[in-house]
Structure formats: C-alpha cells, structure tokens
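J.:
Protein chains: 2
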Amino acid sequence: MTDKLTGAAGRQYVTDAIRHSLRSGDLVPGQRLVENDLAESYGTTRSAVREALQDLAAEEIVEIIPRRGARIRAVSIDEAIQITECRSALEQLCATKAATQANEAQRTELRRIGTEMRQAVADGAVHTYSALNQRLHELVVEASGQEVARRQLERLNGPMVRYQFRLALRPGRPAQSLQQHLDIIDGIVSGDATAAARAAAVHLNDVIEQLRSSATTSSATAPTRT
Amino acid sequence: MTDKLTGAAGRQYVTDAIRHSLRSGDLVPGQRLVENDLAESYGTTRSAVREALQDLAAEEIVEIIPRRGARIRAVSIDEAIQITECRSALEQLCATKAATQANEAQRTELRRIGTEMRQAVADGAVHTYSALNQRLHELVVEASGQEVARRQLERLNGPMVRYQFRLALRPGRPAQSLQQHLDIIDGIVSGDATAAARAAAVHLNDVIEQLRSSATTSSATAPTRT
DNA sequence: GCCAAACATCTTGTCAACAATCTGGTTGAT
DNA sequence: ATCAACCAGATTGTTGACAAGATGTTTGGC
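If you read the protein sequences in the order shown, they are chains X and H. Residue 90 in our numbering sits at position 90 of the first sequence, with consecutive numbering throughout. Residue 1159 in our numbering sits at position 159 of the second sequence, with consecutive numbering throughout.
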C-alpha cells in the first residue's frame, strides 16, 4: 500500500474515485455514502471525505441531507431530458462559434473523428464509437473557445453518466446517430455556423427522443433502498 | 446582539452576507477574504466561514487559492460576454418553452410587467425598471418549467452583479431595451414560441453589444490591490 | 543605498475528540 | 397483535488546538 492520502490530495482522490465508481456502476443512485467508511476504504481522513462530498454535492452528483448524510443522487428521466435540453442550447452555441473560430488543427481532428466514426460503425465497435462521440462533443466545445459554456456542460454531464451509458448500448444506436454527428462535423469544418448549430440541435433532439422512449421501455428509476 | 450564528445557519448567513456586500459595492473584485476576520465580524466560527467560502467558490463568486486564501473573483469583460452568450442560449430555451407552458397566472403577470415597464420608462424610474427587468427574466424561466436551466442561470448571474449594475445605469438604456422586453412578453403571451425565442436572442445580443462597447468606454477591470 | 537571507507574524490546512442527532429494534402496556 | 415510548448503536456536526505554509520586515553584507 502507498502512503496515506492526506488533506487536499485525499479530497481530490476521493472525488475522482467516486466519480469513477459511478461510471463503472459500482455505485448506484440512492446508495448511502458514509464518511467513515469512505475515509477508511480510500485511506484518508474524514475531513477530506467530507470536503470531497461537498464538491460532489455542488456538482449535483451526490445529495447531502443535513444530519442524514450523503447519497448518490437519482436523476429522473424528466430531469435527464431537461439536462439534455440545456446541453442542446449550449452545444448549439458552441457549434456556432466553433464554425468560425476553430483553428486548422481542430478542423483536421474533426475530420479524422468523422472518418473513424464511420469506421467504428462499420466494424460494430460500440466502445470505440462511444469514445469518439465523447471526444467529438469535447472538441466542438474546445474549438468554440467558450470556456464558460465548457464549464457549464461539464457540470451538466456529471449526473448523466448513468443515462449516457444506457443509451449508448441500445442496439442500432450508433448507426442512427452517425449521420447526425457527421452533419455537425461538416457544418463546423465548412465554416457554416447555421448548419452546424442546426445539426447539433437535430442530434440532441434525437437524444431527447431516445430518453423519452426509454422512459416507457425500462422501468422508471427505481429508488434503490437498503 | 443576537446569539452567535453557529454551523449550518452561520454558513448560510455568511454566503448571503457576502453576496449582499458584493451587490452593494462593499466588496470589490480582488479583495481578500480572511477567514478569521469574517468569522469575527459576522459572529460565526471559522468553520462556518470556510464552508461558506467553498460554496461561493463553487458559484465562482470567490476564488480560493490554496494556502493563500479567498478573494472576490474579478470577471473580465471577455468573460462577461461569454456568460451572456450562455444566458442567451438558455433563455432562448426558456422563452421557447414558456410560450407553450406558461399558465394563465403567469401570462397575466407578464402582461402586467409589460405595462409597468412602459410606465417606468415614461417616468424615468430607473430603479423600478431594473427591478421589473429582473422579475421578467425570472418569470420567463419560471414559466418554462425548466428547473435545470433555472439553476444554471442562477449560477451564471452570480459573478455578473457588478456588470448588471453598470449597464443598467447607462443613460437611455431603459428606453433602448424596453421594446426588446415587450417583444419577449408578446411572444410568450401569444404562444408564439419562435417569436419569443427570437426576441430573447435579440435582447441578449444587444446586452452583449453594450458590454463590448463598455469595454472601450470604461477602463478595463482594474485589479484592485491592497 | 541596495540586495539577499533569516526571522516574526499572519493565515490557512489538518486533525482528533466531543456533542448532537438520527435509525432501527426492543420492551411493555393495552 | 398493535402501538408508542424508550434505548443502544451508528453517523454526522462542531469545535479548538496544532501544523504548515506564505508574506512582509528586519538585519547584515557588499
């Protein structure tokens, strides 16, 4: 075992660890996060854990109820839709700006992502496609130079990991979104701000549709009790 | 003197107090916030102040540098513009939804605000107009039912108080924005989502223009040193 | 007179013990 | 058998003391 992670380092470590556990499914919504347990299992002190939990609460990943402790926040489908609507608004903004602001390196990477996405769909490489998808959205924001929007989007995505996961695994989903992604890329690369924004809107509307239909398909987010 | 504000109560009290001091100009960007001093002057403990500062840092109102303490964050004009661009994107979303989702009470209040705004401009009542302006933006968001956007917009406005203040006092500003506000109201009240969104976009583009021109008029945000 | 190193002071970061509160189960009366 | 009051254990909240780091000042050398 390495040294005990103390103070600020521990704080960062714990937030990262929890975020990661959430992504990998080790933590489910509703699950209690007991300060002492976390401190022990991560080899930190309770203060570090406490502060980490505050950070995660600010990101709305966990919910802290006074005197009752922290638990992983459950995101209802309705809220997931609202989050995606906000993402749509902000990503349209970024796509618009990216179309005029992106530099050559960024345009080149966009084109490359487009090619690789086509390839991934042809190969049925779901995981690769998902990674490219994420990189694409990141790159659009980066190329727009809109730092404020970047931070907002980061925040919005925090509580969404669960749903992103669920959607990406739907059969036929990559094929369905491929053209939408390519349209976004085309719009930006060709410098057509309006087209880029419209393509982003179309794509995110489709994501919202998927969320809506998943509301009826899968059971509603069951409150996971102990 | 009342009792000492301890714990969670103190935490809330301190965040509110600092927010208020910022609004009223008692605190200027760059100003240091020393934990002990704040604790003493607000009659709280250092822990409460510490947590309050963390909250304010999450809202990007203060900036915490490790081992160096907290200070009021300075917002550059460039960042103010980015913030307003995000506001624009999100308020267009809200205006769109409000046009179809607003209930009768909300539509009635919107109409009333329109009338009172006209009156305030006619009377030259700058302060009244400014209050109506704020209420209008709030109400649009409220009527949209978009809770996520509401929280995002709240966060965006936190660091902006200084600029809002500066803009509202420009001579002739109310008269200039009146028509834009009335257009937003009309769009929503008449249920024309597209018109409402477009009106919101026009209004916020104009705010951005104002910010741009204020960049050349007034001196850039001078780093206020001790 | 100017610069650099040592120092004193101020300020934040960390921790561990203690207090307050909640939870769930047990007991006893009806 | 049901319900309410109570009790024990678990968990979070709060505090004060101490450690560690930054800042500004003084001192000594050149």
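Cβ coordinates follow ideal geometry from the N, Cα and C atoms, glycine included. Keep in mind that this is a model prediction, so the values were computed, not measured.
Measure the beta-carbon distance from X:A199 to X:G191 and round it to whole angstroms, keeping in mind my assumption that it falls under 8 Å.
T.: Not confirmed; about 13 Å, so no contact.
J.: Taking Cβ-Cβ distances below 7 Å as the criterion, which residues of the segment 137-153 of chain X are in contact with chain H?
T.: Under the 7 Å Cβ criterion, the segment 137-153 of chain X contributes Q146, E147, V148, A149 and Q152.
J.: List, in order along the chain, the chain X residues whose C-beta lies closer than 8 Å to that of H:L1090?
T.: Here the neighbours are C86, A89 and L90.
J.: How many Å lie between X:A8 and H:G1124 at the Cα?
T.: Approximately 53 Å, taken between the alpha carbons.
J.: Answer with buried or exposed for H:A1175, where buried requires no fewer than 16 other C-beta atoms within 10 angstroms of its C-beta.
T.: H:A1175 comes out exposed.
J.: If we ignore side chains and look at the alpha-carbon of each, how far apart do X:I113 and X:S130 end up?
T.: X:I113 and X:S130: Cα-Cα distance of roughly 12 Å.
J.: In chain X, which residues lie with their C-beta within 7 Å of the C-beta of H:E1079?
T.: The answer, in chain order, is V148.
J.: Any beta carbon of chain H sitting closer than 8 Å to that of X:P66?
T.: Yes, contact with chain H.
J.: In this structure, what does DSSP give as the bridge partners for X:I65?
T.: According to DSSP, X:I65 bridges with X:G69.
J.: Less than 8 Å between the C-beta atoms of X:R11 and X:A52, yes or no?
T.: Result yes, Cβ atoms of X:R11 and X:A52 sit closer than 8 Å.
J.: Residue range of the alpha helix (DSSP H) that X:E40 falls in?
T.: Its alpha helix (DSSP H) spans residues E35 to Y42.
J.: Can you name the residues that DSSP bridges to H:R1162?
T.: In the DSSP output, where bridge partners are listed per residue, H:R1162 has none listed.
J.: Once DSSP output is grouped into helix, strand and coil, what is the label at X:R32?
T.: Reduced to three states, the DSSP call for X:R32 is strand.
J.: Could you tell me whether the Cβ of H:L1204 comes closer than 8 Å to any Cβ of chain X?
T.: No, its Cβ sits nowhere closer than 8 Å to a Cβ of chain X.
J.: List the residues of chain H whose Cβ lies closer than 7 Å to the Cβ of X:Q54, in chain order.
T.: Correct list: Q1054.
J.: Could you check whether X:H203 and X:S177 sit closer than 8 Å to each other, using their CB atoms as the reference points?
T.: Taking 8 Å as the Cβ cut-off, X:S177 and X:H203 qualify as a contacting pair.
J.: When you compare each of X:A95, X:L93, X:C94 and X:C86 to H:L1093 by their alpha carbons, which one comes out closest?
T.: Answer by Cα proximity: X:C86.
J.: For H:L1005, would you say it is in contact with chain X, using Cβ-to-Cβ distances shorter than 8 Å as the test?
T.: Not one chain X Cβ lies under 8 Å of H:L1005.
J.: So, at 7 Å on beta carbons, what are the nonlocal neighbours of X:S144 in its own chain, with the 5 sequence-adjacent residues on each side left out?
T.: Counting only Cβ-Cβ distances below 7 Å, and skipping sequence neighbours, we find C94, K97, A98 and Q101.
J.: Is the distance from the Cβ of X:L22 to the Cβ of X:I61 below 8 Å?
T.: Yes, Cβ-Cβ distance for X:L22 and X:I61 is below 8 Å.
J.: Do the CB positions of X:R162 and X:V75 come within less than 8 Å of each other?
T.: Cβ distance < 8 Å, so X:R162 and X:V75 count as in contact.
J.: What first and last residue would you give for the alpha helix (DSSP H) that runs through X:G187?
T.: First-last of the alpha helix (DSSP H) with X:G187: R173 to V189.
J.: Expressed to the nearest angstrom, what Euclidean distance is found between the alpha-carbon atoms of X:H20 and X:D206?
T.: Near 27 Å, if we compare the C-alpha coordinates of X:D206 and X:H20.
J.: Would you give the residue range spanned by the alpha helix (DSSP H) that H:L1139 belongs to?
T.: Run containing H:L1139: V1126 to S1144, per the alpha helix (DSSP H) assignment.
J.: Taking the alpha-carbon positions, what's the X:Y13 to X:L5 distance?
T.: Cα to Cα, X:Y13 sits roughly 8 Å from X:L5.
J.: Taking the alpha helix (DSSP H) that H:L1169 falls in, what are its first and last residues?
T.: It is not in any alpha helix (DSSP H) - H:L1169 carries neither H nor E in the DSSP assignment.
J.: Using a C-beta to C-beta distance shorter than 7 Å, which residues of chain H count as neighbours of X:I83?
T.: Within chain H, the residues near X:I83 are V1148.
J.: Does the CB of H:A1008 have a neighbour CB from chain X at under 8 Å?
T.: Answer yes: the Cβ-Cβ gap between H:A1008 and chain X drops below 8 Å somewhere.
J.: Which two residues bound the contiguous alpha helix (DSSP H) that contains H:L1090?
T.: Taken as a continuous stretch (DSSP letters only), the alpha helix (DSSP H) holding H:L1090 covers I1077 to Q1101.
J.: Tell me the DSSP secondary structure of H:A1199 in three-state form.
T.: Three-state result, H:A1199: helix.
J.: Run through chain X and tell me which residues come within less than 8 Å of H:L1093, C-beta to C-beta.
T.: Those within 8 Å of H:L1093 in chain X are E85, C86, S88 and A89.
J.: Could you give the C-beta distance for X:L139 and X:E91, rounded to a whole number, given that I count them as a contact under 8 Å?
T.: That belief does not hold up - the Cβ atoms of X:L139 and X:E91 are roughly 12 Å apart, past 8 Å.
J.: For X:A58, go through chain H and note every residue whose CB falls closer than 7 Å to its CB, in chain order.
T.: The contacting residues are A1058.
J.: Can you name, in chain order, every residue of its own chain whose Cβ lies under 6 Å from the Cβ of H:G1158, other than the five neighbours on each side?
T.: Closer than 6 Å at Cβ, skipping near neighbours: E1059 and I1061.
J.: Can you tell me whether DSSP reads H:G1010 as helix, strand or coil?
T.: Three-state DSSP puts H:G1010 in a helix.
J.: Assuming X:R135 and X:V189 make a contact with CB atoms under 8 Å, what is their CB distance in whole Å?
T.: Going by Cβ atoms, the distance from X:R135 to X:V189 rounds to 15 Å, so no, they are not a contact pair.
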